[in-house]
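Below: one structure, written as structure tokens.
Number of protein chains: 4
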Amino acid sequence: MSQPPSHFPGLRFLHSPGPTHVPKAVMDAIAEQPMDMADERLDPLIAACESGLRHVLKTDRAEVFIYTSNGHGLWEAVTVNLAAPGQKVLVASTGHFSDSWASMTQAMGVEVIRTSYREGYPIEPRDIEAALVADTAQEIVAVYVVHTDTASSITSDLPAIRQAMDRTGHRALLVADVVASLAAAQFEMDAWGVDVTLGASQKGLMCPPGLAFCAANARAIAVSKANPAHRFYWDWQRRLESPSYRKFCGTPPQNMLQGLNVAIGLIRTEGLDHVLARHRLFANAVHAAVDVWSQAGSLRYVCQVPPARSVSVTSIEVDGVDGELIRQVARQRYNVALAGGLGPFYGRVFRIGHLGDLSAPMVLGCLAAVEGTLQSLNVPIGSGGLDAALGVLNDQSSALTID
Amino acid sequence: MSQPPSHFPGLRFLHSPGPTHVPKAVMDAIAEQPMDMADERLDPLIAACESGLRHVLKTDRAEVFIYTSNGHGLWEAVTVNLAAPGQKVLVASTGHFSDSWASMTQAMGVEVIRTSYREGYPIEPRDIEAALVADTAQEIVAVYVVHTDTASSITSDLPAIRQAMDRTGHRALLVADVVASLAAAQFEMDAWGVDVTLGASQKGLMCPPGLAFCAANARAIAVSKANPAHRFYWDWQRRLESPSYRKFCGTPPQNMLQGLNVAIGLIRTEGLDHVLARHRLFANAVHAAVDVWSQAGSLRYVCQVPPARSVSVTSIEVDGVDGELIRQVARQRYNVALAGGLGPFYGRVFRIGHLGDLSAPMVLGCLAAVEGTLQSLNVPIGSGGLDAALGVLNDQSSALTID
Amino acid sequence: MSQPPSHFPGLRFLHSPGPTHVPKAVMDAIAEQPMDMADERLDPLIAACESGLRHVLKTDRAEVFIYTSNGHGLWEAVTVNLAAPGQKVLVASTGHFSDSWASMTQAMGVEVIRTSYREGYPIEPRDIEAALVADTAQEIVAVYVVHTDTASSITSDLPAIRQAMDRTGHRALLVADVVASLAAAQFEMDAWGVDVTLGASQKGLMCPPGLAFCAANARAIAVSKANPAHRFYWDWQRRLESPSYRKFCGTPPQNMLQGLNVAIGLIRTEGLDHVLARHRLFANAVHAAVDVWSQAGSLRYVCQVPPARSVSVTSIEVDGVDGELIRQVARQRYNVALAGGLGPFYGRVFRIGHLGDLSAPMVLGCLAAVEGTLQSLNVPIGSGGLDAALGVLNDQSSALTID
Amino acid sequence: MSQPPSHFPGLRFLHSPGPTHVPKAVMDAIAEQPMDMADERLDPLIAACESGLRHVLKTDRAEVFIYTSNGHGLWEAVTVNLAAPGQKVLVASTGHFSDSWASMTQAMGVEVIRTSYREGYPIEPRDIEAALVADTAQEIVAVYVVHTDTASSITSDLPAIRQAMDRTGHRALLVADVVASLAAAQFEMDAWGVDVTLGASQKGLMCPPGLAFCAANARAIAVSKANPAHRFYWDWQRRLESPSYRKFCGTPPQNMLQGLNVAIGLIRTEGLDHVLARHRLFANAVHAAVDVWSQAGSLRYVCQVPPARSVSVTSIEVDGVDGELIRQVARQRYNVALAGGLGPFYGRVFRIGHLGDLSAPMVLGCLAAVEGTLQSLNVPIGSGGLDAALGVLNDQSSALTID
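Read top to bottom, the protein sequences are chains S, X, F and W. Position 214 (the first sequence) corresponds to 288 in this note's numbering; numbering is contiguous. Position 158 (the second sequence) corresponds to 232 in this note's numbering; numbering is contiguous. Position 52 (the third sequence) corresponds to 126 in this note's numbering; numbering is contiguous. Position 70 (the fourth sequence) corresponds to 144 in this note's numbering; numbering is contiguous.
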């Protein structure tokens with residue numbers, strides 16, 4: 075095997091749906107020397123991260139638990155806090171990520187019920203409703219929902235799911251994984267009635283991977299208190315103890331916290347609404363290009379429902395060429411890192427991530443490189459894809475103007 | 075409460091036993107932009123970290139599992155891999171950290187047997203021997219040993235413990251937590267017959283907190299395979315699957331891995347033997363000062379057995395003044411962060427960390443600040459403490475000369 | 075006036091012809107703590123920078139003088155070393171930069187003769203030949219040539235100029251300013267018979283502004299020795315003294331040297347030939363787009379001679395819209411910094427810099443943003459500009475493939 | 075020659091009187107990507123640096139000129155702006171630096187008159203007074219004064235010098251080089267009647283080397299306007315033109331400006347008075363140690379007048395051991411970089427720099443390392459040097475307490 079290159083001239087563009095580009099200010103904060111646990115700056119840092127996450131999650135009420143973990147670890151954290159072996163959760167099927175989450179949940183000894191899965195479509199709230207109605211014994215502890223499944227690039231409708239749950243009167247908690255949507259798509263934990271939210275650092279929050287967190291409201295905390303499942307590292311009760319560094323069950327990941335605090339500060343400076351509008355705009359620009367490309371008939375969105383297309387990432391199915399080859403050419407010839415197809419999509423699909431710390435020319439450089447890659451692989455894409463993207467930016471970018 | 079200062083002139087010296095000072099080269103590596111999972115640099119990075127850790131652990135044979143976690147998480151990882159609820163482990167009592175580890179183990183449903191604890195003394199290998207002999211049913215799955223307990227600053231004798239275990243013929247695994255001793259004190263996983271080793275990034279490995287790892291030999295892997303305990307994130311079997319980024323059960327903490335790789339490179343460049351000799355030398359210098367100070371009768375080592383005094387940290391008990399006040403004065407007047415007494419030592423003890431990326435004037439600046447702090451609090455320390463430290467450096471530092 | 079924004083989401087693309095994008099590795103090196111003058115690392119650093127610059131300049135013989143200065147300072151340095159007040163130099167007119175250099179030279183009391191200037195055309199070697207032939211008294215000390223004048227984006231033919239000079243038998247030195255062409259366009263100081271070369275850090279050398287340098291061969295050094303002009307800071311003789319840090323007439327700019335050393339290391343790693351080929355390729359891509367845009371009749375190259383178009387920067391004249399407005403829209407709407415028209419080109423011209431640490435998607439993102447900007451300002455540019463650029467990259471980029 | 079080490083464990087302490095330790099926040103700012111000249115952030119950056127320097131210089135009235143240059147370049151800048159070849163300046167002799175400045179001035183064709191030099195003593199104001207009185211033709215254009223000459227570590231009394239000049243009624247300008255004293259010792263440009271001040275980035279201003287600046291009041295600007303000396307790069311008139319980036323005669327050193335702006339922000343945050351008090355305190359601590367060491371009779375201050383001892387640096391003469399050997403041992407054994415003897419002091423003297431971004435343990439670590447070095451070289455220093463330094467810090471450091 076040849077050695078990886080020690081240096082690329084210029085920047086490699088990172089268009090996975092996470093990890094994403096990290097702003098220099100965040101990296102600078104991470105690179106501050108660590109502190110001892112009694113340093114007078116540590117408690118305010120932890121408090122700032124917690125209140126900052128509440129701001130981004132739009133919750134006043136939830137307890138925030140930040141873990142040295144990745145997102146998969148958080149899945150385990152939520153399960154061991156909410157459900158004991160033998161108990162049940164309902165997993166709303168969205169594809170790759172809901173399947174993984176279900177597998178993990180089963181590995182923890184918890185019984186999983188899944189809604190039926192329809193490729194290319196968001197979660198059908200009535201499926202959840204039906205499953206809860208069928209659970210007359212109220213054995214289902216929680217409904218697990220992946221807000222944006224990055225394999226299909228589909229965002230499901232959380233308020234509609236909440237309403238469907240409410241219609242049943244079932245006490246199951248609504249647990250939403252917003253790892254791929256937070257700080258990109260609209261999300262309102264309190265207003266939408268989400269009981270537990272899971273997130274991670276390396277996507278819309280513009281940090282390196284290495285931190286994950288969840289927020290739990292009083293109902294969820296109460297369920298956790300009553301839950302006898304064995305746990306320690308993930309346990310919410312222990313993490314609610316003071317002093318604040320105990321919240322991390324051992325050494326806090328303070329450098330990552332320093333980065334998270336700055337990243338949230340960048341979001342506050344830009345304004346969360348502006349951040350969401352920027353993601354909407356860039357997603358529109360990407361979709362405008364894909365709309366043109368797809369007219370040539372050789373590629374198409376995985377997501378069949380336009381309003382459900384994610385603002386974070388776009389999954390594109392291509393005929394006649396391996397999605398992994400597209401990635402390879404884009405990487406080697408254009409220094410653009412695209413994402414691949416996951417699970418059943420492997421080889422059929424490639425994905426363009428468009429979330430996090432992005433500016434217009436980053437998105438345009440990525441789209442141009444995708445055009446070049448597809449052309450070089452003789453995938454028909456017509457002409458005018460990039461022009462369509464520019465049209466979106468020219469129509470709408472006044473919202474992004476720097477005054 | 076007053077706001078923490080936004081800027082200290084100059085450097086605050088960090089003399090906790092972890093986190094420790096992080097070299098700029100490590101920070102620079104952490105601050106490289108993240109990669110997508112298919113980036114051609116990711117697999118070699120993971121492989122380099124694994125082989126680098128094997129080098130530092132002195133093992134050819136063990137599997138290495140690197141987690142996005144802190145050290146406490148690793149305790150849970152090891153327990154859920156080795157022991158199912160209802161099974162037994164023997165925890166060798168060393169004080170604060172063995173107690174915490176035992177509590178966590180119990181929280182996972184595993185029964186814990188503890189050896190008796192004697193404050194100020196290392197683990198007595200015969201206590202372990204006796205406990206294993208008494209376990210005629212061979213129910214004890216593993217013996218958990220904290221190599222260096224930083225609360226007492228005592229390093230126990232792992233080879234002697236191994237020999238004691240071997241004398242019994244018991245099949246229990248030897249599990250050693252070397253979080254606070256690795257890359258500071260001598261350690262040889264294979265030669266010493268350690269079956270599972272636990273470590274973390276933020277001490278002798280000179281990285282920020284946020285990574286932890288364990289290494290397990292074939293016997294331990296076999297025990298894990300047979301263990302039915304529920305687990306997913308921590309599970310060794312799943313992490314042994316290819317491709318290599320799957321080893322992290324989700325997104326790898328690649329920025330931290332980039333840092334770890336550079337940190338191990340620094341250790342290799344300096345030479346592991348030289349790193350250990352440097353820790354020995356600086357510990358000798360600190361101990362020379364403490365020897366002088368203690369002659370005035372108001373302070374003393376927690377560790378009663380000189381050869382068991384850690385090369386990483388020194389716990390000092392003081393009469394007539396609160397250890398937390400010492401820390402506060404050292405921090406506010408001298409910008410030196412010392413560690414405090416843990417558990418029963420709280421208030422009675424302060425600790426000087428002296429491990430990781432240190433040079434002579436860092437150690438000397440810390441010792442001088444401790445002298446100044448104790449003088450300002452009217453703790454009798456005689457005179458000549460720092461001179462004694464200098465004497466050690468002048469006698470021995472030829473080993474550290476830069477040619 | 076409104077405050078400048080404290081944060082832009084994502085990257086602002088820098089497409090001035092200098093300063094240019096600086097690689098992180100260079101920034102990391104600059105951010106190393108400074109050293110005292112006797113530090114054992116300082117002399118090797120200086121020596122490495124000097125030999126690295128010789129490598130990039132393709133000279134074995136020239137003395138290299140590195141200054142804490144910008145490029146304009148170097149103009150003064152060269153003049154005070156080569157010519158005393160009252161002596162003469164011949165300035166080959168290229169437009170803005172040759173005019174500035176001539177003005178500075180006159181301000182130093184040196185008489186300037188200029189060749190005639192023809193907008194849109196490179197230096198005519200026969201004009202230099204004629205001026206030297208006319209100088210029967212051999213009073214002209216040196217011929218000053220700007221290799222690439224970034225105002226017009228024209229690169230003149232240095233070997234042809236050398237041959238023209240040689241035909242006259244005149245002893246005047248050939249002094250070439252390669253600030254904007256070095257490490258982008260082909261240049262061979264020794265083989266091309268250039269006596270003095272001037273360069274700066276912030277263009278093809280991928281460093282921040284703050285360093286400039288010249289290289290002088292033995293003939294030039296001899297002229298300098300005989301020159302009575304008052305000088306100290308710029309004086310070559312004093313800088314030839316040992317020890318090496320004296321070469322800087324006071325404190326060396328060591329952090330910038332650390333950066334320069336790494337930057338040259340990146341060039342060596344990539345290979346100077348590859349660096350030049352990469353610049354050629356990206357220039358071809360930009361030119362392919364401009365070729366298409368210009369067919370609509372509203373914009374055109376300033377440079378009328380295709381082979382003389384710079385690989386570093388492209389100056390584009392536009393009808394009916396202010397070049398400064400183009401820059402403003404590109405910056406505010408697209409976060410792309412373009413360059414403007416200098417001197418007589420102000421308002422008539424905008425410029426796209428395409429040199430230094432660039433990758434394909436950086437260039438493509440810039441071109442797409444220029445397309446979007448021109449479209450939004452209703453400048454006719456036809457369609458297919460970006461496709462043409464992609465065509466160039468798809469045809470030629472095998473040279474850039476990362477194996 | 076052996077290769078310099080590629081890595082030192084821990085920090086090398088930098089105790090030259092410049093360059094000095096650079097805070098991370100300053101390095102982070104320097105490492106921001108450069109901007110094009112029209113970037114909306116550039117003008118405010120330049121304005122902030124100018125007003126920040128005025129704040130530190132305590133001037134409301136002076137024009138500030140910032141150069142890409144080192145301090146020696148500034149000497150040339152001031153001379154070519156103020157004096158034409160054949161004119162006269164009076165250089166107040168302070169030793170090494172006044173001699174170098176005088177040599178440079180002569181090299182520019184300007185006639186230099188020097189006051190008599192007395193080793194170990196500050197400038198005698200009456201000598202200046204006498205020289206001006208003797209200049210009945212008022213030919214002396216300016217009096218050049220080095221505020222702190224770091225070779226001797228003596229700070230002269232600028233207000234007394236101003237008063238001596240005023241007594242004569244001579245119109246000569248007072249030109250003060252505060253490179254080594256600014257932001258360390260008290261200085262008030264306007265109140266003290268200084269006409270021109272020279273400074274540089276790499277000392278009390280806590281930046282890397284690479285920037286220098288001068289401030290000139292209206293009288294000095296008027297002298298400059300009337301001065302026919304040839305100049306361009308250094309010329310004040312051209313630099314007074316708008317737009318602001320023209321103030322740099324070519325590309326501004328924007329990364330260094332970014333650093334300077336942050337460094338001045340750190341000074342403002344700490345408070346200039348607090349910065350000066352901190353320097354006074356640390357100088358007192360160093361002097362307390364030297365007082366003790368010198369009682370053993372083998373070493374002594376170069377400066378014979380205690381109140382004239384610099385707060386930035388201390389020059390120490392030692393018997394029986396080469397000052398360069400002291401530096402070598404301190405560097406190799408203790409990783410502390412001390413400064414050496416300059417000019418006639420070479421080998422007789424070593425120097426401890428104690429200015430810039432320092433905290434108590436940095437100073438203490440340096441002093442302890444000096445003690446260890448001197449002990450290892452058998453230089454008698456008695457005992458108690460470091461205790462005396464601690465005594466100073468314990469008595470006085472309440473001023474430095476972080477609340």
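For every residue, glycine included, the Cβ atom is placed at its ideal position computed from N, Cα and C. All of these numbers come straight from a predicted model, not from anything done at the bench.
For Thr153/S, the enclosing alpha helix (DSSP H) starts and ends at 145-156. Val252/W has its alpha-carbon roughly 43 Å from the corresponding atom of Cys281/S.
Just so you know, the alpha carbons of Asp113/X and Thr94/S end up roughly 13 Å apart. Contact of Glu344/S with chain W is not assigned, every C-beta pair being separated by 8 Å or more. Closest option to Ala204/F, judged by alpha-carbon separation, among Arg422/F, Val165/F, His170/F, Leu340/F: Val165/F. By the rule that beta-carbons nearer than 8 Å mark a contact, Asp113/S does not touch chain W. For the pair of segments examined, the region 139-154 of chain X was found to touch the region 272-288 of chain X: the number of CB pairs separated by less than 8 Å reaches three. Excluding its 5 nearest sequence neighbours in each direction, Asp431/F has C-beta neighbours in its own chain below 6 Å: His95, Pro97, Met280, listed in chain order. When Cys377/W, Ala121/W, Leu116/W, Tyr307/W are compared, the shortest CA-CA separation from Ser174/F is found for Tyr307/W. When rounded, the separation of the alpha-carbon atoms in Val360/W and Arg383/X is 34 Å. In this structure, DSSP gives Ile390/W an extended state, which the three-state scheme calls strand. The contact set of Ala105/W on chain F, defined by CB atoms closer than 7 Å, consists of Met101, Ile104, Ala105 in chain order.
Taking 7 Å as the cut-off between beta carbons, the residues of the region 404-420 of chain F near chain S are Gln406, Arg407, Tyr408, Asn409, Val410, in sequence order.
The shortest CA-to-CA distance from Val403/W to any of Gln449/W, Thr242/W, Asp347/W is the one to Gln449/W.
Contact residues of the region 148-168 of chain W toward chain F are Glu150, Pro159 (C-beta to C-beta distance below 7 Å). Leaving aside the five residues that flank Trp266/S on each side, the residues in its chain whose CB is nearer than 7 Å to its CB run, in chain order, Leu232, Pro233, Arg236. The beta carbons of Gln212/X and Arg188/X sit about 18 Å from each other, so the pair does not count as a contact at 8 Å.
Taking all protein chains in view, the Cβ of Thr210/W is surrounded by fewer than 16 other Cβ atoms within 10 Å, so the residue is classified as exposed. A direct Cα-Cα distance of roughly 44 Å separates Glu185/W from Ser433/W. Under DSSP, Tyr375/S shares a beta bridge with Ile390/S. Of the residues assessed, Val379/X falls on the exposed side of the cut-off, its CB having fewer than 16 other CB atoms within 10 angstroms. In the structure shown, the three-state DSSP call for His348/X is helix. C-alpha of Ser298/F to C-alpha of Leu127/F: approximately 21 Å in a straight line. Among the residues of chain W, those whose CB is under 9 Å from the CB of Asp431/X are Pro83, Gly84, Leu85, following chain order. Rounded to whole angstroms, the Cβ separation of Leu88/X and Gln107/S is 6 Å, and the two are in contact under 8 Å. Your pair Leu247/F and Leu314/F does not check out as a contact, with CB atoms roughly 18 Å apart and the cut at 8 Å. Interface annotation, Lys321/X: not in contact with chain F, CB-CB separation never under 8 Å.
Residues Met280, Cys281, Gly333, Val336, Ala337 of the same chain have their beta carbon placed closer than 7 Å to that of Val100/W, with the five preceding and five following residues left out of the count. Annotated three-state conformation of Asp102/F is helix, per DSSP. Arg188/F: not part of any alpha helix (DSSP H); member of the beta strand (DSSP E) spanning 185-188, first to last residue.
Pairing Val387/X with Leu429/X gives a Cβ-Cβ distance under 8 Å.
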